[in-house]
Amino acid sequence: MADAMTPLLRLAEVSVSRHAARVVTDVSLSVRQGAWFGLIGANGSGKTTLLRAVAGRLPFASGSCLLDGAETVSDRPYRATQIGFCPPAETLPDILTGREVLKLLAGSEDTLWRCLGPLRTALQLDTLLDRRIGDCSAGMRQRIALATAFARGQRLVILDEPFNWLDPVAIFDVRETLRSMVDEGLTLITALHDLTTLATNCDTGLLLANGRTALTLDEQALKTARHDLLDFERRTIALLRS
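573 is the number of the first residue of the sequence shown in the numbering used here; add one for each residue after it.
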C-alpha cells in the first residue's frame, strides 16, 4: 500500500485510441496519495479520454498504469472497481430518483452517507433524494452525478469538470469540501477549465495539448502560481493558444 509520499497512481507513456484514432499519446504522470491533481487543456485536448481510460471506461493502447504499485494497464475491470468516477450528468437514468441511484451504488443509505461525509451538505443532496432525475435541472443532475463518484468509498476519485452547471454557492462549497477531504486522505483527479482552482486548490497538475503533455506542474510551480495568479493565467493561456 502506498504511503503519503508514494504515488498512488503512476502513468508511464500511456496512449489511448478512440474509433481507431490516437487521442492521447505517450502521457506520463504521477499522483501521490492524499493529493489533488488537476488536468487542464483546451476542448478536444484529450482530457476526458485520458481520465476515462484511467478509470477503466476505455482501454489503454500502450504504456504502463501502476495503481498502488500494481500494473493494471490491461485490467479495466480492476481500475473501474478501485477508482470512483463521475459519469456525465446527462447519462443518469431519468426514471429513477436521486435516492434510488445512490442506493444502487452504495448498497444502503448508511453506507452512502458514511462515504459522502461532508459532501452530503455541500451538494445539498437531501433536497434531491426523492426527486426523479428527469425532473431535475442541469445543476441538480450534476450534484447527483458528483455524489455517485463517492458513493462506494474509493480512496481515489476522478471528476471530469466537476463544477459544470453548478451555481456560485455550490461551486464554492463543493470546492472547499473536496479540498478538506483531500487533506484528510482522499486522492482526487479533476479535469478543470478554471485556472484559479488549479492554482489555489490543486497540489500538482498537467497541461494537455493535442493529446500530449505540454507542461507538468509540480508542487513548487503551483505554490509560485498562487503568489501571482494573473501571471500564471497569462502564461498558461499562452501555452493553450499555441
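Note that beta-carbon positions come from the ideal geometry of N, C-alpha and C, so glycine has one too.
Indicate the three-state DSSP secondary structure (helix, strand or coil) for residue i in the structure shown.
i: Ser589; result: strand
i: Leu659; result: First, the residue type needs correcting, since residue 659 is Pro and not Leu in the sequence shown. Coil, per DSSP.
i: Ala797; result: helix
i: Phe722; result: helix
i: Pro631; result: coil
i: Glu643; result: strand
For residue i and residue j, what's the separation of their Cα atoms in angstroms?
i: Val603; j: Leu583; result: 9 Å
i: Leu622; j: Ala652; result: 14 Å
i: Lys675; j: Ser587; result: 35 Å
i: Ala574; j: Ser752; result: Caution is warranted here: a pLDDT of 49 is assigned to Ala574, below 50, making its placement in the model unreliable, and no coordinate value can be reported.
i: Asp800; j: Leu770; result: 13 Å
i: Pro659; j: Thr785; result: 24 Å
i: Cys637; j: Arg704; result: 38 Å
i: Leu825; j: Thr776; result: In the structure as shown, the chain begins at 573 and stops at 814. Residue 825 is therefore absent and cannot be evaluated.
i: Val729; j: Glu681; result: 20 Å
i: Thr644; j: Gln605; result: 17 Å
i: Ala723; j: Cys708; result: 20 Å
i: Ser600; j: Asp702; result: 43 Å
i: Thr796; j: Leu778; result: 15 Å
i: Leu691; j: Asp598; result: 35 Å
i: Ile743; j: Ala719; result: 14 Å
i: Thr640; j: Asp755; result: Reading the sequence as shown, one finds Asp at residue 640 and not Thr. Approximately 19 Å between the Cα atoms of the pair.
Tell me which same chain residues have a C-beta within less than 6 Å of the C-beta of residue i, skipping the five on either side of it?
i: Leu767; result: Glu805 and Thr808
i: Ala614; result: Leu812
i: Asp666; result: Ile705 and Gly706
Counting only the same chain and skipping the five closest in sequence on each side, list residues whose C-beta sits under 7 Å from that of residue i.
i: Arg648; result: Gly628 and Pro631
i: Ala532; result: The displayed coordinates of the chain run from 573 to 814. Any statement about residue 532 would go beyond what the structure contains.
i: Val595; result: Val588, Ser589, Gly618, Thr621 and Gly783
i: Gly635; result: Leu583, Ala584, Glu585, Val586, Ser587 and Val645
Checking 9 Å against the spacing of the C-beta atoms, do residue i and residue j come in under that value?
i: Asn773; j: Leu750; result: yes
i: Leu664; j: Arg713; result: yes
i: Ala625; j: Ala717; result: no
Nearest by alpha-carbon distance to residue i: which of the options is it?
i: Leu760; options: Ile655, Arg704 and Gly618; result: Ile655
i: Phe609; options: Pro690, Ala810, Ala793 and Leu802; result: Ala793
i: Ala592; options: Ala633, Leu695 and Arg798; result: Ala633
i: Leu581; options: Ala607, Glu756, Val596 and Cys708; result: Ala607
i: Gln726; options: Ala625, Ser600, Phe735 and Tyr650; result: Tyr650
i: His765; options: Gly757, Leu758, Phe735 and Asp739; result: Phe735
i: Gly616; options: Ala781, Leu697 and Phe657; result: Ala781
If you measure from the beta carbon of residue i to each beta carbon in chain D, is any gap under 9 Å?
i: Asp707; result: The structure shown contains no chain D; it is built from a single protein chain.
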